[in-house]
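Heads up: the sequence lines are chains A and B, in that order. Counting from 1, one number per residue, gives the positions in the first sequence under the UniProt record's numbering. Counting from 1, one number per residue, gives the positions in the second sequence under the UniProt record's numbering. From the three backbone atoms N, C-alpha and C, an ideal C-beta is built for every residue, glycine too. Just so we're clear, the structure is a prediction, and the values are computed from it rather than from any experiment.
2 protein chains.
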Amino acid sequence: MSNSFDLSRCSLNTATIKHATLTEAVTTAAAAGYGAVGLWRDRVQEVGAEEAGRIVRDAGLRVSSLCRGGFFTDLDVERTRAAVDDNRRAIDEAAAVGTGELILVVGGLPANPEPGMGVSPDAGQPERDLGAARERVGLRLAELVPYARERGVRLVLEPMHPIFCADRGVVSTLGQALDIAAPFAATEVGVVVDTYHVWWDPQLAASIARAGAQGRLAAYQVCDWVLPFKEDTLNSRGYVGDGYIDFEAITGWVRDAGYTGAVETEIFNTDIWERPFGEVAERVAADYAERVLPFLS
Amino acid sequence: MSNSFDLSRCSLNTATIKHATLTEAVTTAAAAGYGAVGLWRDRVQEVGAEEAGRIVRDAGLRVSSLCRGGFFTDLDVERTRAAVDDNRRAIDEAAAVGTGELILVVGGLPANPEPGMGVSPDAGQPERDLGAARERVGLRLAELVPYARERGVRLVLEPMHPIFCADRGVVSTLGQALDIAAPFAATEVGVVVDTYHVWWDPQLAASIARAGAQGRLAAYQVCDWVLPFKEDTLNSRGYVGDGYIDFEAITGWVRDAGYTGAVETEIFNTDIWERPFGEVAERVAADYAERVLPFLS
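What follows is the structure in structure tokens.
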């Protein structure tokens with residue numbers, strides 16, 4: 001089909017149609033007239049990164065980002081080494097698939113070593129030193145940046161909604177992400193604005209402007225905050241326009257910060273995952289056209 | 001029973017034993033050796049505020065705070081007038097029950113007028129201008145402060161976890177609460193630190209210090225962030241020590257900020273609500289003694 005609106009900056013993140021194979025996702029996005037796709041590693045690994053890049057290019061699409069590296073806040077030396085190795089593979093995949101932006105969900109508070117190892121009175125309980133976990137994010141970036149730079153890949157910190165601070169992402173605000181990014185060049189470490197994660201932040205406008213001024217605004221992802229939560233709280237996000245988020249305001253801040261890249265719609269929602277892929281892609285494109293595109297330039 | 005540790009600053013919030021009547025809650029707290037109780041308005045209204053104050057005093061306890069006023073972010077004139085009137089009643093109740101601290105949960109993004117009134121293309125959808133809703137908090141405070149001041153009651157802003165931004169509290173960080181409080185005297189508008197709501201904040205230590213320096217630190221509430229969420233996400237909070245929050249660090253910041261008031265344990269948890277009141281009070285006191293008291297002075 002062809003749409004009457006410009007979808008060249010509209011990107012479909014594969015997590016929105018979670019059950020689609022890479023080829024199905026790419027075909028769906030191309031058929032709906034999108035300009036790009038955002039890829040998750042599971043879909044890339046299905047066919048291999050080189051082949052995944054070819055499939056996307058052959059469909060006339062761009063890869064707006066690869067999700068995701070990170071999960072490197074552990075205390076344990078062996079698990080940390082494994083995490084760094086996995087992030088190197090993610091960097092390789094980003095380069096091979098044809099994107100310069102690797103999104104990082106940094107990880108939460110790690111578990112202490114299990115009881116029986118006898119290293120701590122809190123053995124088996126969560127490690128609670130949030131400041132230390134946040135410092136480890138900077139340490140892991142320092143390890144990974146040279147490797148990523150050689151491959152033309154930027155590491156992109158994703159501030160996560162504070163609901164995820166304990167178990168997924170100790171980087172909780174865009175301002176904090178920029179503080180952690182500060183020791184690195186803007187071409188080395190960037191940030192992503194995902195409306196779901198940051199919409200509530202009283203400092204959001206200022207932090208987006210700061211990210212833009214520094215040249216670190218690497219990606220813009222959209223989905224909505226809807227209530228009530230479903231039983232599966234964390235997969236209860238909504239289509240753009242169905243919830244509480246002010247897309248006109250946030251998109252305007254992103255525009256004013258000089259962002260000219262793609263807008264990825266990434267929705268974790270178990271109901272949406274059950275719908276036909278084409279139906280979801282059409283709805284996402286229509287929401288983009290109505291709620292985002294008018295404020296993007 | 002008598003405990004070997006000092007519970008003079010330990011306060012039992014009635015929400016922790018939600019199904020207890022006021023008299024049951026006071027009896028439970030006194031029997032477990034607490035120094036204070038934090039009261040919710042429903043329990044106060046059960047017997048009337050004067051009588052509630054008498055019941056607490058007769059048991060040898062103090063009232064550490066009254067929960068809660070607020071919910072005054074509406075756009076609608078009539079609903080706003082009703083909310084302000086209700087907050088005046090809450091101020092009266094605080095004074096009558098014997099506390100100078102009225103905690104405010106300010107409210108979320110209001111609904112737009114319903115379709116049919118034809119005032120907006122978004123009629124019936126949430127009002128999405130978060131900045132405007134936040135400004136209305138300051139306007140409502142300005143209306144209420146003279147009334148509260150005359151009655152010796154401080155209005156205490158409660159920053160809420162961003163999970164509640166849409167529907168309960170548009171004040172999302174302690175720093176933002178202090179910004180909103182700034183036009184008022186410290187004796188007029190204070191702030192509360194509730195560990196559940198603010199533990200993730202990268203600026204928490206600095207904001208607590210700022211609150212202390214300004215003399216605005218009006219209350220300290222504790223409960224833990226536990227995972228996984230229960231089906232009833234919002235009533236899934238945990239006993240102090242059962243989750244991810246670093247009570248040593250946060251309590252230390254509160255202490256260093258000069259706070260000398262009570263520590264209220266306020267836990268919303270459907271399982272805990274089903275337990276015998278005395279059992280809960282004993283557990284709360286033991287957690288306080290182990291996880292909070294050592295860092296409080």
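Beta-carbon neighbours of residue i, restricted to chain B and to distances below 7 Å
i: A/Phe229; result: Thr233
Beta bridge counterpart(s) of residue i as assigned by DSSP
i: B/Ser65; result: B/Gly38
i: B/Asp194; result: B/Gln221
i: B/Asn112; result: Answer is none; B/Asn112 lacks a bridge partner.
i: B/Gly60; result: DSSP lists no partner for B/Gly60.
i: B/Thr70; result: Note that residue 70 of chain B is Gly in the sequence shown here, rather than Thr. For B/Gly70, which the question treats as bridged, DSSP gives the partners B/Val105.
i: B/Val44; result: In DSSP, B/Val44 forms no bridge with anything.
i: B/Gly53; result: Its beta-bridge partners do not exist; DSSP assigns none.
i: B/Pro162; result: B/Pro162 pairs with nothing; no bridge assigned.
i: A/Val189; result: A/Leu155
i: B/Pro294; result: Answer by DSSP bridge pairing: none, since B/Pro294 is not bridged.
i: A/Pro126; result: A/Ala111
Chain A contact for residue i (CB, 8 Å cutoff)
i: B/Trp253; result: no
i: B/Thr187; result: no
i: B/His161; result: yes
i: B/Trp273; result: no
i: B/Ala166; result: yes
i: B/Ala289; result: no
i: B/Ser2; result: Note that B/Ser2 scores a pLDDT of 47, beneath 50, so its modelled location is shaky; the value from the coordinates is reported in the next line. False, the Cβ-Cβ gap to chain A never drops below 8 Å.
Start and end residues, alpha helix (DSSP H) containing residue i
i: A/Gln176; result: Leu174 to Ala181
i: B/Glu150; result: Leu130 to Glu150
i: A/Val156; result: Run containing A/Val156: none in the alpha helix (DSSP H); it sits in the beta strand (DSSP E), Arg154 to Leu157.
i: A/Leu12; result: No alpha helix (DSSP H) contains A/Leu12, which is instead part of the beta strand (DSSP E) from Cys10 to Asn13.
i: B/Phe277; result: Phe277 to Asp287
i: A/Thr23; result: Leu22 to Ala31
Chain B contact for residue i (CB, 8 Å cutoff)
i: A/Leu104; result: no
i: A/Asp244; result: Sequence inspection shows Tyr at residue 244 of chain A; the Asp mentioned does not correspond to that position. Chain B, which has a Cβ nearer than 8 Å to the Cβ of A/Tyr244, makes this yes.
i: A/Thr173; result: yes
i: A/Pro294; result: no
i: A/Pro202; result: yes
i: A/Trp225; result: yes
i: A/Val119; result: At A/Val119 the pLDDT is 48, less than 50, meaning the model places this residue with poor confidence; the figure from the coordinates comes in the next sentence. False, the Cβ-Cβ gap to chain B never drops below 8 Å.
Interface partners of residue i on chain A, CB under 9 Å
i: B/Thr270; result: Residues of chain A passing the Cβ test: none, with the nearest at roughly 14 Å.
Enclosing beta strand (DSSP E) for residue i [first to last residue]
i: B/Asp85; result: From DSSP, B/Asp85 is part of no beta strand (DSSP E) but of the alpha helix (DSSP H) over Val77 to Val97.
i: A/Ile103; result: Glu101 to Val105
Residue i: contacting residues in chain A (beta-carbon distance under 7 Å)
i: B/Gln214; result: In chain order: nothing, as chain A lies at least about 18 Å away.
i: B/Arg128; result: Tyr244, Ile245 and Asp246
Contact list for residue i against chain B, beta-carbon separation under 8 Å
i: A/Asp74; result: In chain order: nothing, as chain B lies at least about 15 Å away.
i: A/Leu109; result: Tyr244
Proximal residues of chain B, C-beta to C-beta of residue i below 9 Å
i: A/Gln176; result: Pro202 and Gln203
Within-8 Å CB hit, residue i to chain C
i: B/Thr187; result: Judged by its chain identifiers, the structure shown contains no chain C, and its protein chains are A and B.
Distance cut-off 7 Å: residue i Cβ against heavy atoms of the ligand MN
i: A/Gly175; result: Inclusion of the ligand MN in the displayed structure is not the case, the ligand content being empty and no account of it being possible.
- Task: Please specify which runs of the alpha helix (DSSP H), each continuous and at least 4 residues long, are wholly inside the stretch 213–273 of chain A, giving them in chain order.
- Result: 247–256 and 270–273
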